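In my numbering, the protein residues as written are 14 to 489.
One structure is given below, encoded as structure tokens.
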Ligand code: GLU
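Here it is, written out as structure tokens:
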């Protein structure tokens, strides 16, 4: 253990913010206005369960209202506290600004271990929490739109949306009060996988820039790159699955609550996922070596390290020993400010959380727009697009017949070209575009400014500048 004191999560976010703000020319006072959290609401409520009243503590923090609604997930975990939700709310502000999702930043949390409750109990607790938030407009389609986070998912979002709708029976936009809902309750295709998909798109964009890849001391593409992922929850699982199944990356290590598994030949992510569903952990998985001290595997040899679980897992106690030349922060705040400093000095490239895991809120934005427009994406244009493509295919078929053996259409061209985009394809296209554009904005600052030597500072500069412009436009 090191003697230097590790800053808290919120201090870490502030320190990183300050480092970037110091390189900017913000009007006096505006810097502080942007950094501070506007408000945090704490609620304590009782729910009668198993014959007695249980008291729960929940939070909803609003970091910045330069754009409304404000947006951000609600997590269910025992570690939830005010400091944490405030840090996470601040990250939401910067994240939304970076990917141009038109929201301010917010976050919520409930101090609970969801595994200790039956489904009907969780529903009761969630509905009561949602009631407390909704009556203060902390759940509201035009003011504050929650989403899933650690410990919550589609099921909880459906309960919250229904609770809001019951309390606001004439609100035609009620469904837009939370995102991450199941498809049959106003959700959007591709939201569950969105954050993991965003990690994949972020890495693809990184590897499209050979100069950046070189900064991490690597070359080539994602193909064959060795990946270690920490946390095989929704985000880690999808990221690891897509990278191994679609980009040729080799997942060599998976770290979970009950230890880690490692296999230099590569691990079948889907098989491990199924194993966890069945056995509750990675222990006993046959095709890899198990280590009880899971976090030690963060320090194993690999090309890409994906922390996809809790904040602060890479800290002053292990930063020096991290061997991965590239870290992509799938979790929020997995690298502390102190560790960030150490890694930066070592030349480790870090793709920061506010960019890397923005896929979730990006697709949430699409879901919110879908709910407000009351129509599924692609419904109007899909068949019209197909009809126009049909015209071209008919002409190509005529040419095919005319040219005989000299030329013919590629075998699957017709089927592929004729198929109009469905909602899932449109969501993926929108997400891919968002991740590419945001990367370019961030890396431009990284490349162009001599005083910026890391992607995180570059990302903060882009975000703070956008938030500042928005405040100035409001006359502040
Ligand atoms: N909880 C996710 C995050 O931290 C998603 C937020 C949202 O979709 O609003 O980014």
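From the three backbone atoms N, C-alpha and C, an ideal C-beta is built for every residue, glycine too.
The structure displayed is predicted, hence computed values, not measured ones.
Taking the CA atoms as reference points, residue 302 sits about 15 angstroms from residue 282.
Within the region 342-429, the complete beta strand (DSSP E) runs of at least 3 residues fall at 362-364. Under the DSSP definition of a beta bridge, residue 470 lacks any partner.
With 16 or more other CB atoms across the displayed protein chains lying within 10 angstroms of its CB, residue 346 is buried.
Of the candidates 310, 56, 105, 27, the residue whose Cα lies closest to the Cα of residue 118 is 105. Here DSSP, grouped into helix, strand and coil, assigns residue 74 to strand.
Excluding its 5 nearest sequence neighbours in each direction, residue 248 has C-beta neighbours in its own chain below 6 angstroms: 208, 209, 321, 343, listed in chain order. Below 8 angstroms, too few C-beta pairs join the region 221-236 and the region 189-197 to call them touching: fewer than three.
Its chain contains 273 as the residues whose beta carbon lies nearer than 8 angstroms to that of residue 309, once the 5 sequence neighbours on both sides are disregarded; these appear in chain order.
Under the DSSP assignment, residue 62 falls in the beta strand (DSSP E) whose first and last residues are 52-62. Under the rule that a run must span 3 or more residues, no beta strand (DSSP E) segment is found entirely inside the region 432-487. Within the same chain, 106, 117, 118 come within 6 angstroms of residue 77 by CB-CB distance, once the 5 residues on both sides are set aside.
Annotation: residue 153 to residue 94 spans about 23 angstroms, alpha carbon to alpha carbon. Inter-segment contact for the region 365-375 and the region 433-448 is present: three or more beta-carbon pairs are separated by less than 8 angstroms.
Close CB contacts of residue 427 within its chain, under the 7 angstroms cut and outside five residues either way in sequence, are with 406 (chain order). With fewer than 16 other Cβ atoms from the protein chains shown falling within 10 Å of its own Cβ, residue 412 counts as exposed. Segment contact: the region 244-260 against the region 319-334, three or more CB-CB distances shorter than 8 angstroms; contact assigned. One thing to note: residue 328 has its Cβ no nearer than 7 angstroms to the Cβ of residue 304. Under the 10 Å beta carbon count, residue 420 is surrounded by fewer than 16 other beta carbons and is classified as exposed.
Distances from the alpha-carbon of residue 158 to those of 164, 143, 168 put 143 closest. The continuous alpha helix (DSSP H) containing residue 98 extends over residues 95-111. The three-state secondary structure of residue 43, taken from DSSP, is helix.
At a cut-off of 6 angstroms, the beta-carbon of residue 90 does not count as near ligand 1: no heavy atom of the ligand is closer than that. The region 121-139 and the region 155-169 touch, with no fewer than 3 CB-CB distances between them shorter than 8 angstroms. 7 angstroms or more divides the Cβ of residue 241 from the Cβ of residue 279.
Under the three-state reduction of DSSP, residue 212 is assigned to helix.
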